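Protein chains in written order, with the working numbering: chain A, 49 to 389; chain B, 49 to 389.
There are 2 protein chains.
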Amino acid sequence: MAAASEGQHRAPVMEDVARVAGVSHQTVSRVLNHNPNVSDRTREKVERAIAELGYRRNTAARSLVTRRSQTIGVLASEMSEYGPSSTLLAVQEAAREAGYFVSIAGIRDVSARTIQEALRRFTDQSVDGIVVQVPHDVIFETLRELSLDVPVVVIGAAGATGLSGVRVDQESGARQVVAHLIGLGHRTIGHVSGPRDWIDAKARIEGWRGALADAGLSDGPLVEGDWSAGGGYRAGLELAANTDVTAVFAANDQMALGLLRAFAESGRRVPADISVAGFDDVPESGYYQPPLTTVRQGFEALGRRCIEVLLAELAEGSRGATVVVRPELVVRGTTAGLAGG
Amino acid sequence: MAAASEGQHRAPVMEDVARVAGVSHQTVSRVLNHNPNVSDRTREKVERAIAELGYRRNTAARSLVTRRSQTIGVLASEMSEYGPSSTLLAVQEAAREAGYFVSIAGIRDVSARTIQEALRRFTDQSVDGIVVQVPHDVIFETLRELSLDVPVVVIGAAGATGLSGVRVDQESGARQVVAHLIGLGHRTIGHVSGPRDWIDAKARIEGWRGALADAGLSDGPLVEGDWSAGGGYRAGLELAANTDVTAVFAANDQMALGLLRAFAESGRRVPADISVAGFDDVPESGYYQPPLTTVRQGFEALGRRCIEVLLAELAEGSRGATVVVRPELVVRGTTAGLAGG
DNA sequence: CGACAACTTGTTCGCGCTAACATAGCATTA
DNA sequence: TAATGCTATGTTAGCGCGAACAAGTTGTCG
């Protein structure tokens, strides 16, 4: 009854449980590990003793002997951005539900050195598996030359590393937006991309190009942004000067917000004069002025699938699985046919 | 040279290093633990052997005997919001720099049960210290009745728990905004608050009330929002109907965004007819239309101070420290004196 | 009834490391 | 010179657990 071990300072160990239950410590271990060869009577006695003492198994001792830490390492850059942090939330939650601890390493500047450092800490910690969410070019070779001896799942860079991965089909998302714009009658569709060393930035450029090519249209102007609203604003001022451009696809919502402001200041009405579309569907985008047409990525689904893949590798030793989540176009108020026809 | 242990499958252990260096494994341990009683010659030999074998100390064995895990547990709700995730980034970075692993538990729904579950996992993991970032009322009693036996630092709820804490002075931030609005000549200043069970929401309400009282003004209308742009929008429609209100302080930037849209739709010009201020200074807020006047919280500083406090407790056993970070008013385009005087 | 299998439980060992103690070597002092 | 202290190193034990093996118990079948 009540929390035992009140006065004493040593947490109960397996041997203490064994004594109370009148069995050997190994039997306690068997109960804890759900070994089938324990009689119901014994199991109950042990469980009662565990409850009575408030016993909790020592993780360090357990991992020393099993050589597994019940820990998954998560390496992330941009962990305070909306998309990545949403995915992280799901990853971490799914891992915890599966009984794993989650060790996190968020890196601010992405380089081979910082990535390696973080991964080495994970091996020091002898994590059972690793999730990598670093949507930069540099991740490819860095991971390839590292050859970790635990399962690794890469978010956002599936396939190319030879490792397992999950990703949102960015190109498909971009194609959907651009096709939508083309369907509205736009013929010169600009793009404000993310920095070229980002994997997602490149995929969205490809999608934009692909959709235009499919429709027999030539590329509109491409301005490289920096994912920020400020970058979008500057790109917008530049694009506003070019009156041929009647639609702009921004590679994320923040840049789209910047575009909206730039166009407002330049006297180009959205969507009457020019259409704008974003990417990500951040929660605020429905309240931009006008509400933003954008692409919803399944961040939540992505994170959960990521852990599913990792758990499968942990359990079965399967490797190289690739999961692709399809994003969804969300049409709101920033896209329309041209006012004057 | 190069990475040794190529063909063999067992990672080198201390004994292997000892053999190569021609010393006992204990001497290797002493070198690793910077014990001063090791001669320079021996130290060098050992370090060479460590480098040659690529030896890395086994964390599990180490924590089994030291009873410390070199791990800090971080419990967070809202880990995908801008502010909390920025703080988390800093917390995690500072902890890692201090040589700690960071175990994260992000909870989606905040309740005594989920908090306790997460904290129990931390004790299972025998973390050396805990950081709690759960800005809800429920955290107070939950922590009080739990009495963990490791240092705990609470973010955003300093003082009240008897535990150490760091926080941004929310009330001061709110007072600064409201004083700014009063200075511009506003006399009826409304507030769109966060949900009442959030600590920050209450503090900002207090600040708003306090600044009004100091100026001899009575409270303007108070509408409870939900932190979201949609909530701000709905509150804005309600407030727009009341033409006495010439300024509104929103408890965060997302709600301010919603206000902006609601006022635009209601034909109330910002800032000519009505001023709007937010709180947080999210990166996009400078590109809202108009750019948002808001309060910048030192999320980064907060996170780093949090770990400083925790490390101090770990080192010296000091307890109950409270650090308060002062926020800063950022005046942009949504606040002004009234057009008509 | 005896031999054998299947189930249940106990005993021993070692995972890799640090703490505590033991020991050897050397310098210092009365 | 012997006693004393200090430094550098080695030896041993044990942290708490699970794997491997040993042993006891029950049931089954010829």
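Ideal Cβ positions, reconstructed from N, Cα and C, are used throughout, including at glycine.
Here the structure is a predicted model, which is why all the values come from computation and not from measurement.
Item, Value
"So which residues of chain B does residue 334/A contact, with C-beta pairs closer than 8 Å?", "277, 278"
"By Cβ distance, which residues of its chain are closer than 6 Å to residue 162/B, with the 5 residues on each side in sequence left out?", "155"
"Using the C-alpha atoms, what's the distance from residue 346/A back to residue 58/B?", "41 Å"
"Output needed for residue 386/A: all residues of its chain with C-beta closer than 7 Å, excluding positions within five of it in sequence on either side, in chain order.", "233, 294"
"Beta-carbon of residue 159/B versus every beta-carbon of chain A: anything under 7 Å?", "no"
"Output needed for residue 71/A: all residues of its chain with C-beta closer than 8 Å, excluding positions within five of it in sequence on either side, in chain order.", "90, 93, 94"
"Alpha carbon to alpha carbon, how far is residue 164/A from residue 186/A?", "11 Å"
"So, does the CB of residue 195/B fall closer than 7 Å to a CB anywhere in chain A?", "no"
"Can a CB atom of chain A be found closer than 7 Å to the CB of residue 242/B?", "no"
"Thinking C-alpha only, which one of 339/A, 331/A, 214/A, 120/A is nearest residue 176/A?", "120/A"
"Only counting the same chain, and skipping five residues up and downstream in sequence, which positions put a Cβ closer than 7 Å to that of residue 65/B?", "76, 94, 97, 98, 101, 103"
"Going by beta carbon distance, what residues of the same chain come within less than 6 Å of residue 369/B, once the five residues before and after it are set aside?", "212, 357"
"Residue 235/B: which of 291/B, 167/B, 363/B sits nearest, CA to CA?", "291/B"
"Along the chain, where does the beta strand (DSSP E) that runs through residue 213/A open and close?", "212-216"
"Does residue 127/B come within less than 7 Å of chain A when only Cβ atoms are used?", "yes"
"Mind reading off the beta-carbon distance from residue 374/B to residue 337/A? Whole number of angstroms is fine, and I expect it under 8 Å.", "At roughly 33 Å, the Cβ-Cβ gap does not stay under 8 Å, so residue 374/B and residue 337/A are not in contact."
"What residues in its chain sit with their C-beta under 7 Å from that of residue 279/B, if we drop five residues either side in the sequence?", "273, 303, 306"
"Is the number of C-beta pairs between the stretch 348-364 of chain B and the stretch 141-148 of chain B that are closer than 8 Å three or more?", "yes"
"Return the residue from the list 249/A, 197/A, 205/A, 198/A that minimises the CA-CA distance to residue 222/A.", "249/A"
"Could you round the C-beta distance between residue 131/B and residue 328/B to whole angstroms and report it? I think they count as a contact, below 8 Å.", "6 Å"
"With DSSP collapsed to three states, give me the class of residue 181/A.", "strand"
"Return the bridge partner residues of residue 238/A from the DSSP annotation.", "296/A"
"Can you list the residues of chain A that residue 149/B reaches, using a CB-CB cut of under 8 Å?", "151, 169, 173"
"So, at 7 Å on beta carbons, what are the nonlocal neighbours of residue 79/A in its own chain, with the 5 sequence-adjacent residues on each side left out?", "86, 91, 94, 95"
"Have a look at the DSSP bridge pairing and note the partners of residue 272/B.", "241/B"
"If you draw a straight line from the C-alpha of residue 259/B to the C-alpha of residue 224/B, how long is it?", "8 Å"
"Compare the C-alpha of residue 360/B against each of 265/B, 198/B, 124/B and name the closest.", "198/B"
"DSSP three-state label for residue 72/A, please.", "coil"
"When you compare the CB of residue 137/B with every CB in chain A, is at least one pair closer than 7 Å?", "yes"
"I need the DSSP call for residue 92/B, collapsed to helix, strand or coil.", "helix"
"Alpha carbons only, please: which of 67/B, 333/B, 240/B is nearest the one belonging to residue 288/B?", "240/B"
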